[in-house]
Each structure stands twice: as C-alpha cells, then as structure tokens.
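Taken in order, these protein sequences are the chains called A, B and C.
Mind the numbering: the first sequence is residues 3 to 271 in my numbering, read in order.
Mind the numbering: the second sequence is residues 2 to 439 in my numbering, read in order.
Mind the numbering: the third sequence is residues 12 to 471 in my numbering, read in order.
Ideal Cβ positions, reconstructed from N, Cα and C, are used throughout, including at glycine.
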Amino acid sequence: MVTTDQAQPKPVVMPLDGPVKIAARGVNLWYGAKQALFDVDLDVGANQVTALIGPSGCGKSTFLRCINRMNDTIPTARVVGDIRLDGEDIYSPAVDVVHLRARVGMVFQKPNPFPKSIYDNVAYGPRIHGLAESKSHLDDIVRFSLERAGLWKEVADRLPQPGTGLSGGQQQRLCIARAIAVSPEVILMDEPCSALDPIATARIEELIDDLRDNFTIAIVTHSMQQAARVSQRTAFFHLGILVEAGPTEQIFTSPLDQRTQDYVTGRFG
Amino acid sequence: MTDIAEKPDVAPPLASAARRAQVARRLKKRYAAEARFRFLGLLAVSVAIAFLVLLVGTQLIQGVPAFLASKLEISVTLDPAKIDPDGTGDPKVIGDANYRDLLLSALQTRFPEAQDRRQRRDLLGLVSTNATYDLRDMVLAEPALIGQTVTISVYTDDVVDLYRKGKIEVGDPDAKLSDFQVQALAQLEADGALYTTFNSALFVNSASREPESAGLLGAVVGSLLTLVVTLGIAFPLGVAAAVYLEEFAPKNRWTDLIEVNINNLAAVPSIVFGLLGLALFLNLFGMPRSAPLVGGLVLSLQALPIIIIAGRAAIKAVPPSIREAALGMGASRIQTVSHHILPLSMPGMLTGAILGMAHALGETAPLLMIGMVAFVADVPAGFTSPATVLPVQIYLWADFPERAFVDRTSAAILTLLVFLLLMNATAIYLRKKFERKW
Amino acid sequence: MSSPLLILVILGLTLVGFWLGRSGALRANGGKTRGLHSLPGYYGYYVALWCGVPALLIAAAWMVSQDALVSNLVLAALPADAAGGDPARMTLFMTDVRNLAEGNIVSRVVDPALQAAADHYVSLHQMASYALTAVVVAAAVAGLTYARRRIVPTLRARNAVETAVTGALMVASILAVLTTVGIILSLLFESLRFFHQVPLTDFLFGLHWSPQTALRADQAGSSGSFGAVPLFAGTLLITSIAMAVAAPIGLMSAIYMSEYAGRRTRGFLKPILEILAGIPTVVYGFFAALTIAPFVREMGEALGLTVASESALAAGVVMGIMIVPFVSSLSDDVMTAVPQAMRDGSFGLGATKSETIKKVIFPAALPGIVGALLLAVSRAIGETMIVVMAAGLAANLTANPFSAVTTVTVQVATLLVGDQEFDSPKTLATFALGLVLFMVTLCLNIVALRIVRRYREQYE
Chain A
3 MVTTDQAQPK
13 PVVMPLDGPV
23 KIAARGVNLW
33 YGAKQALFDV
43 DLDVGANQVT
53 ALIGPSGCGK
63 STFLRCINRM
73 NDTIPTARVV
83 GDIRLDGEDI
93 YSPAVDVVHL
103 RARVGMVFQK
113 PNPFPKSIYD
123 NVAYGPRIHG
133 LAESKSHLDD
143 IVRFSLERAG
153 LWKEVADRLP
163 QPGTGLSGGQ
173 QQRLCIARAI
183 AVSPEVILMD
193 EPCSALDPIA
203 TARIEELIDD
213 LRDNFTIAIV
223 THSMQQAARV
233 SQRTAFFHLG
243 ILVEAGPTEQ
253 IFTSPLDQRT
263 QDYVTGRFG
Chain B
2 MTDIAEKPDV
12 APPLASAARR
22 AQVARRLKKR
32 YAAEARFRFL
42 GLLAVSVAIA
52 FLVLLVGTQL
62 IQGVPAFLAS
72 KLEISVTLDP
82 AKIDPDGTGD
92 PKVIGDANYR
102 DLLLSALQTR
112 FPEAQDRRQR
122 RDLLGLVSTN
132 ATYDLRDMVL
142 AEPALIGQTV
152 TISVYTDDVV
162 DLYRKGKIEV
172 GDPDAKLSDF
182 QVQALAQLEA
192 DGALYTTFNS
202 ALFVNSASRE
212 PESAGLLGAV
222 VGSLLTLVVT
232 LGIAFPLGVA
242 AAVYLEEFAP
252 KNRWTDLIEV
262 NINNLAAVPS
272 IVFGLLGLAL
282 FLNLFGMPRS
292 APLVGGLVLS
302 LQALPIIIIA
312 GRAAIKAVPP
322 SIREAALGMG
332 ASRIQTVSHH
342 ILPLSMPGML
352 TGAILGMAHA
362 LGETAPLLMI
372 GMVAFVADVP
382 AGFTSPATVL
392 PVQIYLWADF
402 PERAFVDRTS
412 AAILTLLVFL
422 LLMNATAIYL
432 RKKFERKW
Chain C
12 MSSPLLILVI
22 LGLTLVGFWL
32 GRSGALRANG
42 GKTRGLHSLP
52 GYYGYYVALW
62 CGVPALLIAA
72 AWMVSQDALV
82 SNLVLAALPA
92 DAAGGDPARM
102 TLFMTDVRNL
112 AEGNIVSRVV
122 DPALQAAADH
132 YVSLHQMASY
142 ALTAVVVAAA
152 VAGLTYARRR
162 IVPTLRARNA
172 VETAVTGALM
182 VASILAVLTT
192 VGIILSLLFE
202 SLRFFHQVPL
212 TDFLFGLHWS
222 PQTALRADQA
232 GSSGSFGAVP
242 LFAGTLLITS
252 IAMAVAAPIG
262 LMSAIYMSEY
272 AGRRTRGFLK
282 PILEILAGIP
292 TVVYGFFAAL
302 TIAPFVREMG
312 EALGLTVASE
322 SALAAGVVMG
332 IMIVPFVSSL
342 SDDVMTAVPQ
352 AMRDGSFGLG
362 ATKSETIKKV
372 IFPAALPGIV
382 GALLLAVSRA
392 IGETMIVVMA
402 AGLAANLTAN
412 PFSAVTTVTV
422 QVATLLVGDQ
432 EFDSPKTLAT
442 FALGLVLFMV
452 TLCLNIVALR
462 IVRRYREQYE
C-alpha cells in the first residue's frame, strides 16, 4: 500500500466480539491526485449500530460511501483495498454494483425524496429490482416499510401526495422507508440528522435503535452525543486515517489514543 | 414519542435470501435494458452528426468543382473592317460592332467544316454568351488591338463545363450538346485549347443569368454593407441596454416587463421582423427598397436581444467587489461603469456581438420581405443602393433551372459557411483569450 | 446640403461646443480646476450635449417625415384626373414620380402630368432640404449658446451629463419594448385593413386558400379566397414531423451527453451538435429540396407510394434536424440542474443508470423539458426558408406527409416577394398571417420561458 504516514501511531482497533458483517482492510482512496483515505482497517458488526465520528473532512463519509461503492459515481475517485460483505469482496469484478446496493442501502445527509408521490418513493426500489409479485404485494411492502420507519400513521391517508411536501424529519424517515423497502442487509446513514431539528432528530435516533434488530447499520455523525446515544461501536477518523475503533462506551469514557481523547472532550473538531 | 418503535403488524414481505436471489435473477434483463438505452443515446448523437456530415459533404462534393471552370483559348482576328470600318476610333462605333460575328469567324477558322447555320450556332454555343461582351470590353479598353490577331481565353458555356467535368453525359436531356459539338470539343481538347482553371468569375463577378459568369462579389459586398449597419446600430444599443438593465434599472415590474420582452423577442420568428421592416421602414418612413440600410436595420432589431442577453451575462460575470471598490473611492455610478465594468466585460460583449452578427449573416427570410431579392447585377455602391446578400443569393441560385447553378449554389454555401466559421472562430478565440477566473 | 454633410457640420459644432464649455468653465474659475464642481471635461460634454442632441433629433424626425410630406403635397397639387381618387393607384403613381425624379426606369409612358409632378417633387425636396439645414444649424447654435451661458463654476455639470447618459441608456433598453410594440401595431394595423375586406371568420375557418386576385377590376380571374385553415394544417403537419424527429433525437442526445459521455467526449460532441444550429436555414432549405426530397420520393416510390416532389416529409425531417441542438442543449441544461442528491438517492437503492434517468431524472426535469420542447415548437412554426424551398406552395388540406403542403411562413414570404400592390387583400393577408404567427409563437414563448424559469428557481 502507498503513502501511509509512518510517523502516525498505529490505529487502535478493539476486536469485535460478535459476528462481522463488513470487514475493511487496507482501504485507500484518492480523489484525483488527492488521497482521502489511508489504509483503513475496520470491522462492522452484524445487527449493531456502528458510528463513524471525526472532524469535517476526516474521511468518515468517504469511507461510508466505499461500502456500497457510491464512490463509483464520482469519475475521479479511485479505491484500492479490500472490503468484504459476509466474506465476499465487494470490489471484485464478479460483484455487481446494482446487486450490492440492493444489499447495502443508503440514507443521505439531506433528505432526498424523489419528486414523486410518497407511495412511489417507497415502491421505487422494489419496482426497479422486481421484488413485488403483485400490486397487493407491493402495497404490503410499502406499508411494512413505512411502518418500520414509523411514518405509516402520519402518511397512511395521503400516499398519493408528493414526498417533497412532507416536513424535513418526515422526508428523512421516508428516505429510510425507501431504503428499507428493498430489505437490505446493511443500511448506511450519512449524517441523517444534520438537516433536522432536535425533535425530528430524536425520532430518527429512536428509529435507528429500533432498526438494529433487522439490519446492520453504519452511521456517520457529527454529533458525539448522537454517536453515544445510538451506537454500540464507534470509529474515530482523523485526516483520512482511522485513529481508534472500539465499543462506544470505551471510546467516550476512556479512549486509548490522545487524539480521540482530545476530540471527544471537545478540544478540537 | 415511544410509539415510533411500533412493531409492524405485517410480516416482513421478503426474507433476505429470497430477495437476493430475486434481484440476481433480474440483473441480466436490467443490464440489457441499460445497454439498449445507452445505445439509443449514442444512436441519437450519431444520427445528428451523420446528418451534419451528409449536409456538409454533399455541399463539398457539389460545390468544390464549381471553384474550377473550363476556358477555351482562341485566336481572334480583330478585323478593322468589322469593328471600325471608317477608322474613327470613336468608342461608340467600336462598342456597337458585332463581336459575336468576330468570335464566330474565329471559331470557323478553327472548324472550317462547319458550314450550315446550325453548325455555326453550335460552335458559338460552345463559349459563354458573355464572351462577346468580354471581347468588346477588351477592345474598348485597348483600341490599338484593332487589326491584330489576339489569343484570348473565354469561359466555355456552362453545359460544356459540366460535360468536361463528367457531370452530364451526351445523352442527358440537360446536355444539349449536338454530335458536332462533341466532336469539336474532342478536337479542341486534343489541341490543348480547352483547359481547366480557377473559377475567378465566382469571386469577381456579380449576379448573372449565365452560370459561367455568375459571381458572388455583389452579394458579398451587400452582406458586408448590411452587417456594418447591423453592427453599428445593434452593438451600441445592445451594450447600452445591457448596462442600464444590469447597473441602473430599479428592480420593479417595468424592468421585469423589459426582461420578459427581450427574452421573447429573441424567439420571435425572423419573418415577423421582415413584416415589421416592410410596414415600418418601407411604407411608413419611405426608405428605399432592397437597400442594405433597411436590411441592416431589420437585422439589428433582430440581433439586439441576442446582444443584450450576452452583454448582461458579461456584466454579471464582473464580481461585485470591483464595483464596490470603485464606488467606495467616490466614483459616480457612470464612472464606475465606464472605467471598470465596461472594459472588463467588453470581451464577453464582443463575443456576443460576433455571434449575433454570424446569425445575421445567415439570415434570409426577413430580407426577402424588404425586397433584397432583386436581381442586382452590379456591386452595390452604397448603403441605399439596391443590393442582395449571400444567403439570398443562395436562395435565388437554388431556384435557377440550369444544372450548373446547382454546383454554384453549393459553392456559394461553402463560401458562406467559411465566413461563418471565421466569425465563430474569432468569437471562440476572444472567449479563450480573455477568459478570466475571478 | 446633403444629409451626411449636415451631420458632419452638427458634429463639428458639437466639438466646438465641447471646447467652449471646457475652456469657459476654466476661465470662469480663473484657470484652475480646483473649485469647479465637476472636472472641466464635464462642462465640455454639457455644452456639447445641448448643442448636438436637439439638433440631431430634429434632423432625424425631419428626414423620416420629409418624404411622406412631400409626396402628399405633390399628390394634393395634382390635377384631379392624373391619378384618380384611388389610393392604390396614387401609390403606384408616386412610385413612378419618385423613379422619374431619381432617374430610374419608369413603368409607364412619361406624360406631362407625371413630368410636372416629378419636377414639383424635386423642387419640394430641394426646398425641404434647405429648410432642414437652416433649422438644424439654428437649433445647434441655439443649444450651444444657451448651455455656454449657463456655465458657472458651481454648475453641477457632471450630474447633468450623467443624468443625460442614464436617460440615453434607458432609452436603449426601452427600444426592445418599442420593437415589440412596433411589431404588434404594424401587424394589427395592416391586419385590420385586411379584415375590412375579408371577414375574420372566413380567414380563420375557411377551408380554401387561393390568394391570387385579379389585378384590375376588368380582368378575368378569381377574386381570391383567404381561408387559412389549409395553411394552419400544413404548418401543424410539418411542425409535427419536425418535432417527431427533433424530440427523440434531441432528448436522447442530451441524455447521452449529460449522463453517459465522459467529459472529453462531451466537450467534443457538444460543439459539433451546435454547428447544426449555426448553419443558415437557407442551406438546410437547399439541402432539403435537392438531396432529401428526391431521396424521400425514391424511397416512397420504392414502397409503392405516390410522393410529391415537394413533400411535407422532406421539409419536416430537415427542419427537425435543424432543431435538434435547441432541444438537446436546453434539455441538457435542465437535466444537469437536477440535483446530484436525486441521482445518489436512486443509485443508493441499486438502480442502474438508465433506471435512474428514466424514473428519477427525467420526471424531475420534465417541466424544463416541456419548456424546451415548446420553444422548439415555436421555432419550427416560425421557420421560413426550409419550407419555402422544400415544402411548396400548394395549399392542400391533408395529413399525408408525402403530399405537398404549404405553411403560414411560406405564404407570407412568397406573397410579399416580387411586385406588390400594397392595398390588395393578397398583400394585406400576409400581415394577418404574420399576426397569427406572432401571437402563437408569443404564447408558446411566454409559457415556455415561464416554465423553464420556474423550474430553475425550484432547484436553486
């Protein structure tokens, strides 16, 4: 692997005690000539919430986008390394990116419902992947997903209305429902609450905690409180390097690396 | 709040493994659709480009031969008895002489076997009708030649030219070549008297009914005069309007109206501008028909919105900090504009103006309305003399029945395209050269 | 004095005014710049403006109205029988008078009445031109003296000059509005005259179009019928064919270039497509008439169809290709404006590129695309040269793309070319057609521009 800063101390990564869903080894990423990730090794545990924290531009979102190969859509991005989903290398030529993204869903920073009805937003994934056998099956999937996202009660009577007409928090839950509808194994969330008010944020956080039963979740967040509230495991990124990863409680109470300590105590960031 | 974590009363519709299999099953079909769609896109672009290639290609194939023309070298005896029997030297007598007869005798000397009237007519038919006038002009310019035998080069008739280029066969209904003419041509060819040369008539002559002496000079000059008027009116007015709208106009309903109006004007059919020109400039103001002045006025009204829109974009590109700096120094708004904004946005405005002019150069329809279709055999002398322009000349030639005009129309099109290419290249060069990143 | 010379004289006076104003201000202030309200140059401009602007305005107004005035005077002075009372014949008569006066070829025998009128015409013009010179020079000198007198060091010359310049800039921007007003008024005015002769309903709903009217009352021939429905139908047919070509090719090209092509391919393809928009329409017309029409005809005949040599299909297809770059560059813009978040959202769910385009980007960009297509339709309706050269003159009421049809623009162009009588319904009809054309394209443009604008605001 290229250009790891030798002066940096080795990352402190506490091993997982549960089953591993995603295992990343030696992930490097370049945007054109600029390197954004340096040799990241990180495991994401099955059916738990892993929080990625760190100051702006530290590479946490970039790493998240590597997991379902969203970086493929950026022409200048180049990834070197090995990321395995259930032991299968997702960057191998045999893996189909469309198939991968059906298994690894994503929720974005700003709610981005399509300019379509609420129903069509949720039905979008099942339709493109051909998951529903009939109209009533599709109705079931939509209902299930909206219920799972805690939005059903609010929108049950206005499914044909445009998704863009909902409030910000509802839009984001709609996007979560949209992701759930494909029944993925992993849901990646890229600062899902940064555009929301505190009440909407609280509802999403509860939802995340609840979804953990069925899904593996990786969430990028700016807020350390949020990481502490929703995650079981936390990884701290700094300048494109994974500094420390371990159980959330440990990261926030007794981090092993000085930089993590400085960050969680609010000395920088 | 806690009811958010409600457990759905519906079971998950699909188990994970089943779903994975289902997605995988459909992948092939979806990728086929993807490839089809992408192919359609590529196809669309290819069709458009193929059409462009076809369009320019046919013009090249038809037009390039028209830049060459056949000439016949022939010795003419300038018999004083036929030109100026009394030796008066009076230009009127010399001018009125029968040069057709002189030409005919020259041809007959070469082909003594031509005896009957039909054959003699055929012989004369080999050379351009205008050759007699060329001969007359030569003698008028240099009367000392009378009495001598001179070798002159005349353009052949257009049919002969086409025949030599292999564009028509003897049997064609278009090719009115008699057997005698074909034989005569073969002999002349063998003598080396027939030769192909650059068709300078195309650039030094003006319109003519005879294809072999028809040229573009009058139309090019007409276009030039028209464009001078257009640029002279539209550019200052367009810049002034752009400056006012960007720098001075209050943002209210009135300026909104002006804005909407300018955008609309840019999309009004050109023929409507022609009607305006006809009703306003010709009928109301009594301006002369067919004049470059009126053509220029009409085209400037049409180019105005284009130049205003480009000008506004250029002014918008100047960062506000420069404006604030100048105003902060105590400059008045006019001074700010004339010292800073205008010089900085001038390249952009010029680019817009050149593109507007290129557009005006290719415009035909409104000029038909104001009579610029007149058959003008001379180079226009000024802004108010009758004139035509290049695209109108193309339109006129396209309508002429002679086969040779098809080639000449294409040659005229190529000439027009070269002018447009030059203008656009200049605009691109300007844009590249003065492009500024703030 | 000839008009260019007169203008030169005024410009000379203006220069003198500038110099007088500048030096006058300095002299009034004891030769110092300090203490003057404005820079000395502004006093110069102040005087120059007062000297030049009123004089040039008077000259312009005079020149515009002189010919009409002189013509009326000549006509008024004519013996009653020379031209009759008929306005159309008077117009023709005046044309001859003018031609005779200018030494051009005259279309009739020069009789004494005509000669007298021409002499009268020349002498009136001569007189008017002397008067003009006198008035304009007087105005320039008066303006100069007035302004020169007003110069004192405290005169706010800069403000006055800047107000004048701002006013001039404003006038320039109003000119665009005046153009529109001019178009509407001239079309409306002539159309009203047409509708005096031909009822509006006959024009709008009549099924038969043959504008050839008898030139003289005693001439045999039809009286002309002006039912414009065949023209509207022809325009619609050709526009539909054009859009059937331009919409798919333009949209798919835009999609290919904005979503599939790499940056370099795009940078290479886009200018090539835009060349299509830069080629003059007369070139397309020639190409349609000479290359495409025979081809269409041969194809049609090979299939056993009867195809007119000037078929709607050939003109429509070529027009469609001409419009492709409008559709593609406008819809390219609107699709690029769809936020990346929409694409991310779709890709993140595992959609392929074409699914994302068809199901997310295209619906999101639809209003903008509709706007672009409407603009293209407006362009197709107003296009003239291609149809003039390739579609023909036969006013057939048909939906068969292989037959010859004619359009509104073809009729406007051909009826006005050549000799024309300005009062015949045949000539006036073109203005009525022009009015319809203007109204339809205006509505299309306004609606389209509004849609596009609203669409842009939505994503800004």
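inquiry  = What does the alpha-carbon distance come out to for the pair residue 194/C and residue 389/B?
reply    = So the alpha carbons of these two residues sit roughly 24 Å apart.
query = Is there contact here, the region 353–371 of chain B with the region 389–400 of chain B, by at least three beta-carbon pairs under 8 Å?
reply = As far as the Cβ criterion goes, the region 353–371 of chain B touches the region 389–400 of chain B, which means the pair count is three or higher.
inquiry  = Taking 7 Å as the threshold (beta carbon to beta carbon), is residue 285/C in contact with chain B?
reply    = At a cut-off of 7 Å, the C-beta of residue 285/C has no neighbouring C-beta in chain B.
request  = Kindly indicate which three-state DSSP category residue 83/A falls into: helix, strand or coil?
outcome  = In the structure shown, the three-state DSSP call for residue 83/A is strand.
ask   = Per DSSP, residue 47/A is paired with what?
value = The partner list for residue 47/A (beta bridge, DSSP) reads 22/A.
query = Nearest CA to the CA of residue 174/A: which residue from 188/A, 199/A, 16/A and 186/A?
reply = For residue 174/A, the nearest C-alpha among the options comes from 199/A.
message = Just verifying my parser: in three-state terms, what is the DSSP assignment at residue 198/A?
response = Note: residue 198/A maps to coil in three-state DSSP.
ask   = In three-state DSSP terms, what is residue 91/A?
value = Three-state DSSP puts residue 91/A in a strand.
ask   = Name the residues in the region 368–399 of chain C whose C-beta lies less than 8 Å from a C-beta of chain A; which are they?
value = Cβ contacts with chain A: 370, 371, 374 and 375.
query = Does any CB atom of chain B fall closer than 7 Å to the CB of residue 3/A?
reply = In this predicted model, residue 3/A has a pLDDT of only 40, less than 50, meaning its place in the structure is not dependable enough to derive any value.
Min CB distance residue 103/A to chain C below 7 Å = Yes - at least one Cβ of chain C is within 7 Å of the one on residue 103/A.
ask   = Between residue 185/A and chain B, is there a C-beta pair that is closer than 7 Å?
value = Under the Cβ distance rule, residue 185/A counts among the residues neighbouring chain B, one pair being separated by less than 7 Å.
query = Which value, in whole angstroms, describes the spacing of the CA atoms of residue 278/C and residue 285/C?
reply = Whole-angstrom Cα-Cα distance: 11 Å.
ask   = What's the C-alpha gap between residue 207/C and residue 200/C?
value = Distance between the alpha carbons of residue 207/C and residue 200/C: 11 Å.
inquiry  = Any beta carbon of chain C sitting closer than 7 Å to that of residue 49/B?
reply    = Closer than 7 Å to some Cβ of chain C, the Cβ of residue 49/B qualifies, so yes.
task = Please compile the residues from chain C whose C-beta is within a distance smaller than 9 Å of the C-beta of residue 155/A.
result = Neighbours of residue 155/A in chain C, taken as residues at a C-beta separation under 9 Å, are lacking, since the least C-beta distance is about 24 Å.
request  = Assess, as a yes-or-no matter, whether the region 112–123 of chain A is touched by the region 88–99 of chain A under the definition of 3 or more beta carbon pairs within less than 8 Å.
outcome  = The region 88–99 of chain A, when compared against the region 112–123 of chain A, does not touch it at the 8 Å Cβ threshold.
task = For residue 116/A, return the contacting residues in chain E, with the cut-off set at a CB-CB distance below 9 Å.
result = Reference to chain E is not applicable here, since the protein chains of this structure are A, B and C.
query = Name the residues in the region 120–135 of chain A whose C-beta lies less than 7 Å from a C-beta of chain B; which are they?
reply = Residues passing the 7 Å Cβ filter: 131, 132 and 133.
ask   = In or out: residue 293/B buried (at least 16 other Cβ within 10 Å) or exposed?
value = Buried, because 16 or more other Cβ atoms sit within 10 Å of the Cβ of residue 293/B.
query = Looking at chain B, which residues of the region 78–99 of chain A have a Cβ within less than 7 Å of any of its Cβ atoms?
reply = Hits within the stretch, in order: 98.
task = Please say whether residue 299/C and residue 335/C have beta carbons closer to each other than 7 Å?
result = Judged by their CB atoms, residue 335/C and residue 299/C are not nearer to each other than the 7 Å cut-off.
query = Going along chain A in order, which residues have a C-beta closer than 9 Å to the C-beta of residue 415/C?
reply = The contacting residues do not exist; residue 415/C stays about 45 Å from chain A at best.
request  = Could you spell out the range, first to last residue, of the beta strand (DSSP E) harbouring residue 246/A?
outcome  = 243–249 is the span of the beta strand (DSSP E), which, as asked, contains residue 246/A.
message = Am I right that residue 370/B and residue 446/C are in contact with their C-beta atoms under 8 Å? What's the rounded C-beta distance?
response = The beta-carbon distance between residue 370/B and residue 446/C, rounded to whole angstroms, is 15 Å. This is too long to meet the 8 Å contact definition.
request  = Using 10 angstroms around the beta-carbon of residue 154/A, count the other beta-carbons present and answer buried if the total reaches 16, otherwise exposed.
outcome  = With a threshold of 16 other beta carbon atoms within 10 Å, residue 154/A meets it and is buried.
ask   = How is residue 229/A classed by DSSP in three states: helix, strand or coil?
value = Looking at residue 229/A - three-state DSSP - the assignment turns out to be helix.
inquiry  = For residue 246/B and residue 252/B, I'd like the C-alpha separation in whole angstroms.
reply    = Taking the straight line from one Cα to the other gives about 9 Å.
ask   = Pairing CB atoms from the region 255–263 of chain B with CB atoms from the region 340–359 of chain B, are three or more of them under 8 Å?
value = Taking a cut-off of 8 Å for Cβ pairs, the region 255–263 of chain B and the region 340–359 of chain B do not touch, as fewer than three such pairs fall below it.
query = Does the beta carbon of residue 276/C sit closer than 7 Å to a beta carbon anywhere in chain A?
reply = It does not; no Cβ of chain A falls within 7 Å.
task = Output the boundary residues of the alpha helix (DSSP H) element that contains residue 429/B.
result = Here the alpha helix (DSSP H) through residue 429/B covers 404–435.
ask   = Helix, strand or coil for residue 177/B per DSSP?
value = DSSP places residue 177/B in the coil class of the three-state scheme, outside both helix and strand.
7 Å Cβ cutoff, residue 279/C in contact with chain A = It does not: the Cβ of residue 279/C has no partner Cβ on chain A nearer than 7 Å.
ask   = Are the C-beta of residue 36/C and some C-beta of chain B separated by less than 7 Å?
value = Chain B places no beta carbon closer than 7 Å to that of residue 36/C, leaving this residue out of the contacts.
task = Note down, in chain order, every chain A residue with its Cβ under 7 Å from the Cβ of residue 25/B.
result = Those are 101, listed as they occur along chain A.
ask   = Buried or exposed: which applies to residue 201/A, given that a residue is buried once 16 or more other Cβ atoms fall within 10 Å of its Cβ?
value = Burial call: exposed.
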